[in-house]
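J.: Going left to right, the sequence shown walks through residues -22 to -1, 1 to 176 as mature numbering (1 follows the signal peptide of the UniProt record, and there is no 0) numbers them.
Glycine residues also receive a C-beta, built at the ideal position from the N, C-alpha and C atoms.
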Amino acid sequence: MKAIKFIASLFVSATVLSSAIAGNAPKKAAEGLAVDTKGSKIHWLAKKVTGQHEGFISISNGNLSVAKGKVTGGTFTIDMKSIVCTDITDAGYNQKFISHITTGDFFEVEKFPTATFKITKVAGSNITGDLTLHGITKTITFPATITSAAGKVTATAKIPVDRTDFNIKYGSKKFFESIGDKAIDDVFNLDVTLVAGK
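1) When you compare only the Cα positions, how much space is there between PHE154 and GLY10?
2) Alpha carbons only, please: which of ILE79, SER18, MET58, ALA93 is nearest the one belonging to ILE162?
3) Would you give the residue range spanned by the alpha helix (DSSP H) that HIS78 belongs to?
4) Just the C-alpha distance for ILE157 and GLN73, rounded to the nearest angstrom, thanks.
5) What is the rounded straight-line gap between the Cα of THR119 and the Cα of LYS151?
6) Ignore the nearest five residues each way along the sequence and tell me which others in ASP83's own chain have a CB closer than 6 Å to its CB.
7) Tell me the rounded alpha-carbon separation between residue 184 and GLY29.
8) Report whether the distance from the Cβ of ILE97 to the nearest heavy atom of the ligand NAP is below 7 Å.
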């Protein structure tokens, strides 16, 4: 009986070793980390012929998938109703500006209250994913810096977004050639800091 058990034990050990050598050993599943919405932020910058405006917009939720200290996937949601402008100091003009960019000429936040980004590929320092904005989804790729420490992952990236790809045409020279110095740049920039942990 002992001999049979010994032989069976050797057989099981050999099978496990063979699977490992063949690359069939079980792989550690990616770990899901929740986005820290208070520690994460998005700074936006939009330019026009006569100047520029900037401010912040909030991330409402999200998660990152991490395996062996590397980000392999994830998603986050942007609260389009949270947008603020920090460079206009006159309260009345500030409110007028925000009212304009959140209505039909730009982001239509009542109809599209959120935007989302879903990571579909990570290759080196480049992240590719699907950005859904203004009800339209486009694939974008951008470089990012990702660090991991004390159980937290921080990803930072500067993401240029062409608003006309998302059917936001107001003040664009692509569609209004004679607009002159009232033109607004098609591309606005998002400076994203995403912090995630358990």
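T.: A quick look at the data gives this:
1) 46 Å
2) If we check each option's Cα against that of ILE162, ILE79 comes out closest.
3) 69 to 79
4) 24 Å
5) 24 Å
6) TYR148
7) Within the shown structure, residues of the chain are numbered from -22 to 176, placing residue 184 beyond reach of any answer.
8) Among the ligands in the structure shown, none appear at all, so the ligand NAP cannot be discussed.
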